[in-house]
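Following: one structure in structure tokens, then a few remarks.
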Amino acid sequence: MAYKIITSQCTACSACEPECPNNAIRAKDGTYVIDPKKCTECIGYFDDAQCVAVCPVDNTCVIDASYPRYQARA
Amino acid sequence: MQQASGLSGIGIKVVQSLDQVMQNVAEHKGCGTSGGSGKASCGSAAGQGDLPPEIWEKVKNHPCYSEEAHHHYARMHVAVAPACNIQCNYCNRKYDCANESRPGVVSEKLTPEQAAKKVLAVASTIPQMTVLGIAGPGDPLANPEKTFKTFELISKTAPDIKLCLSTNGLSLPDHVDTIKRFNVDHVTITINMVDPEVGQHIYPWIFWKHKRVTGIEAARILTERQMQGLEMLTAAGILCKVNSVMIPGINDHHLVEVNRAVKSRGAFLHNIMPLISAPEHGTVFGLNGQRGPSAQELKALQDSCEGEMNMMRHCRQCRADAVGLLGEDRSAEFTTEKIMAMDVQYDATSRKAYQEQVEHERQEKVAAKTEELVELAGEDSDITILVAVATKGSGRINEHFGHAKEFQVYELSAMGAKFVGHRRVDLYCQGGYGEEESLDTIIRAINDCSAVFVAKIGGCPRDELTKAGIDPVDQFAHEFIEQSAIAYFKEYLRKVKSGALVHVEKGDAAIRQGAYVVA
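Which chain is which? The protein sequence lines are A and B, in order.
The opening residue of the first sequence carries number 1 in the numbering used here; numbering runs sequentially from there.
The opening residue of the second sequence carries number 1001 in the numbering used here; numbering runs sequentially from there.
This is the structure in structure tokens:
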């Protein structure tokens, strides 16, 4: 799985963009999107998903169940 | 974004120079309290007052740092900093409305390049615009690249414009050297508490070292960083204003302690603002029914802190994209679309000429007030009254009652006339719509005033005001405010003495909480 941003809730404040250790977040059409191919759920970097921790609107950065859970490489 | 490596270097510098700086701060004792009537707000005495020349240079045309300057000089904010690193219970970043005027609200965000163009466009159109601030809509120092890029661009193209920023302080210690390097000489920190026990009820969380920290721990880190940042600014010779939001039942009594804490660390000016809280704002405080203070509660707290240091009372709690004199908002004239279409010629010479004219008028105003004060000197009376004034700037009574978006409030006593605040009101004159209701709103907002000074007033509101015990005064139309107020007060005292008038203590007044609708 990866994280995704619920577009309708995003205030486009940009706080998540520089916090992402994978550079997976970018501005798109007036809001922000997470590239699921790059997102590692911050595993291997931080204890908490950074986009979730910094986002000012609760339940806006959420797990995208349509992707398999990220597996840290051994 | 953490720049921890730079911190230790700054730390050493602080230790070396702090004593000396604190000494300097102690010597100038805040700002502008010049003897007798010197309880005036910052720098508002006869010009420079007892301010050291270098401080006076910094504040004399900064509308937020000098009450006296705010009648003449304008400021603008550019909304280049959307991200924030803390959550406050009085802020909701989802709510965004062009008709709403309060901190954290903007209509459109700008890139640093758009912001630089906007500053030039505004500076060319409004020659008395002297200050550019970055105040959000998030925290400028949570967006350091955008914030400092904007300062860099502006300092190249418009070097005469003063730069300032306002921050929650969490990342301030990491950026003081950069702030200094860009010649930002005014920094505002919002400090609502110095006790984490109090802070936990104001801040649900902070984002700190890659974690969301909550509760008392969050407030403890925040207050430590704020105090450290303030001390570093003082050591760097950067003027610091402290903003505090007065939240009845949560930090209202505690703000006296905050006042002492920031004063002892060299803050120049303290601005205690009323909480703006309404359910439609969607903030935690708005939704849980937390009330803001009344006008008299706010004034009492400001008065009790004033012995300690200079209080700012002319703050309009403006938007993060406000443009114009405090209390007016011309941001709609400068949307990105309009700016990009403008052919901007930055003419520093004509700006200078205009500002010299302002200085001249300002001196005239001070002289007029001083003259009137001399006559008041003989008065021996304990009577104090408040009066409301309709003005559109330049320190004159030059606004029609029905056109006033706000009233400035002066306290009159044997000491003279002292600016003590302002009251935002609905536009009364809205083409016949809801006029009676608006008049009620105005009366509630200035209910603690004995008189209202206007350039002109219609018959109906005149009667209603009189009925409410507020004397409508138009005899000083287009005259200087303070001079007129003192003249009125002398006459008031004379009438009380002769028995022609009975002095009555007025009641409390309401601070507007709802949305401010742009006319």
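Glycine residues also receive a C-beta, built at the ideal position from the N, C-alpha and C atoms.
Close-in-space but distant-in-sequence residues of the same chain around residue i (CB under 7 angstroms, 5 per side omitted)
| i | result |
| --- | --- |
| Arg1265 of chain B | Met1227, Leu1230, Glu1231, Thr1234 |
| Asn1398 of chain B | Thr1391, Lys1392, Ala1455, His1478 |
| Lys1197 of chain B | Sequence inspection shows Glu at residue 1197 of chain B; the Lys mentioned does not correspond to that position. These residues qualify, in order along the chain: Ile1216. |
| Arg1225 of chain B | Gly1169, Leu1170, Leu1172, Pro1173 |
| Ala1158 of chain B | Val1119, Leu1120, Ala1123, Tyr1346 |
| Ile1206 of chain B | Asn1085, Ile1086, Leu1170, Val1213, Ala1218, Ile1221, Leu1222 |
Endpoints, beta strand (DSSP E) assigned at residue i
| i | result |
| --- | --- |
| Phe1419 of chain B | 1416-1424 |
| Tyr1410 of chain B | 1406-1413 |
| Arg1075 of chain B | 1074-1077 |
| Lys1162 of chain B | 1162-1167 |
| Val1452 of chain B | 1451-1453 |
| Val1187 of chain B | 1186-1190 |
Assigned secondary structure, residue i (DSSP; H/G/I helix, E/B strand, else coil)
| i | result |
| --- | --- |
| Arg1265 of chain B | coil |
| Ile6 of chain A | coil |
| Asn1259 of chain B | helix |
| Lys1060 of chain B | coil |
| Pro1274 of chain B | strand |
| Ser1037 of chain B | Residue confidence for Ser1037 of chain B is low, a pLDDT of 33 falling below 50, so the modelled location carries little weight; the figure read from the coordinates is stated next. In this structure, Ser1037 of chain B counts as coil in the three-state DSSP scheme. |
| Thr11 of chain A | coil |
| Phe1207 of chain B | strand |
| Lys28 of chain A | strand |
| Ala1026 of chain B | Model confidence at Ala1026 of chain B stands at a pLDDT of 36, short of 50, so the residue's coordinates are unreliable and nothing is read from them. |
| Gln1114 of chain B | helix |
| Val1015 of chain B | Note that Val1015 of chain B has pLDDT 38, beneath the 50 cutoff, so the model's placement of it is unreliable and the number below is only indicative. In this structure, Val1015 of chain B counts as helix in the three-state DSSP scheme. |
| Phe1476 of chain B | coil |
| Gly1459 of chain B | helix |
| Ile1134 of chain B | strand |
| Leu1120 of chain B | helix |
| Gly1249 of chain B | coil |
| Arg1313 of chain B | coil |
| Ala1445 of chain B | helix |
| Arg1212 of chain B | strand |
| His1400 of chain B | strand |
| Leu1386 of chain B | strand |
| Ile1055 of chain B | helix |
Residue span of the alpha helix (DSSP H) that contains residue i, given as start and end
| i | result |
| --- | --- |
| Tyr1488 of chain B | 1481-1498 |
| Gly1393 of chain B | Note, Gly1393 of chain B: premise wrong, no alpha helix (DSSP H); not H, not E. |
| Ser1244 of chain B | Segment 1239-1246 is the beta strand (DSSP E) holding Ser1244 of chain B; no alpha helix (DSSP H) there. |
| Phe1151 of chain B | 1144-1157 |
| Asp64 of chain A | No alpha helix (DSSP H) contains Asp64 of chain A, which is instead part of the beta strand (DSSP E) from 61-64. |
| Gly1286 of chain B | 1284-1287 |
| His1175 of chain B | 1172-1181 |
| Thr1223 of chain B | 1215-1235 |
| Ile1339 of chain B | 1336-1341 |
| Val52 of chain A | 50-54 |
| Leu1301 of chain B | 1295-1306 |
| Pro18 of chain A | 16-19 |
| Gly1199 of chain B | 1196-1199 |
Own chain, CB closer than 6 angstroms to residue i, minus 5 neighbours either side, in chain order
| i | result |
| --- | --- |
| Cys61 of chain A | Tyr3, Ile5, Cys51, Val52, Cys55 |
| Phe1489 of chain B | Leu1412 |
| Phe1151 of chain B | Leu1163, Phe1182 |
| Gln1483 of chain B | Ala1368, Lys1369, Glu1372 |
Backbone CA spacing between residue i and residue j [nearest angstrom]
| i | j | result |
| --- | --- | --- |
| Val1213 of chain B | Gln1200 of chain B | 11 angstroms |
| Tyr45 of chain A | Cys39 of chain A | 11 angstroms |
| Cys1449 of chain B | Ala1388 of chain B | 6 angstroms |
| His1186 of chain B | Ile1086 of chain B | 22 angstroms |
| Ala1236 of chain B | Asn59 of chain A | 41 angstroms |
| Arg1260 of chain B | Asp1508 of chain B | 27 angstroms |
| Gly1469 of chain B | Lys1495 of chain B | 16 angstroms |
| Ser1008 of chain B | Asn1183 of chain B | Any reading at Ser1008 of chain B must be qualified, since the residue scores a pLDDT of 38, below 50, and its modelled position is unreliable; the value itself is stated next. When rounded, the distance between both Cα atoms is 21 angstroms. |
| Thr1370 of chain B | Met1342 of chain B | 44 angstroms |
| Ala1300 of chain B | Gln1290 of chain B | 20 angstroms |
| Thr1190 of chain B | Ser1166 of chain B | 8 angstroms |
| Glu988 of chain B | Gln1296 of chain B | For chain B, the structure presents residues 1001 to 1519; residue 988 of chain B sits outside this window and is missing. |
Nearest-angstrom beta carbon gap, residue j and residue i [assumed within contact, 8 angstroms]
| i | j | result |
| --- | --- | --- |
| His1400 of chain B | Ala1332 of chain B | Incorrect: roughly 21 angstroms between the Cβ atoms, too far for contact. |
| His1314 of chain B | Leu1325 of chain B | Rounded, the Cβ-Cβ distance is 11 angstroms, inconsistent with contact. |
| Met1076 of chain B | Leu1132 of chain B | 6 angstroms |
| Thr1283 of chain B | Cys1091 of chain B | 6 angstroms |
| Phe1285 of chain B | Ser1277 of chain B | 5 angstroms |
| Gly1402 of chain B | Gly1459 of chain B | Their Cβ separation, rounded to whole angstroms, is 12 angstroms, which puts Gly1402 of chain B and Gly1459 of chain B out of contact at 8 angstroms. |
| Cys1240 of chain B | Ala1267 of chain B | 5 angstroms |
| Ser1394 of chain B | Glu1359 of chain B | Incorrect: roughly 12 angstroms between the Cβ atoms, too far for contact. |
| Phe1480 of chain B | Ile1446 of chain B | The Cβ separation is near 20 angstroms, so there is no contact. |
| Val1078 of chain B | Leu1051 of chain B | With a Cβ gap of about 29 angstroms, Val1078 of chain B and Leu1051 of chain B do not count as contacting. |
Residue i: CB within 7 angstroms of a non-hydrogen atom of the ligand HEM
| i | result |
| --- | --- |
| Pro56 of chain A | The ligand content of the structure shown is nil, which means the ligand HEM is not present either. |
8 angstroms Cβ shell around residue i - same chain, five flanking residues per side excluded
| i | result |
| --- | --- |
| Glu1464 of chain B | Leu1439, Ile1443 |
| Val1176 of chain B | Ile1010, Gly1229, Met1232, Leu1233, Ala1236, Ile1238 |
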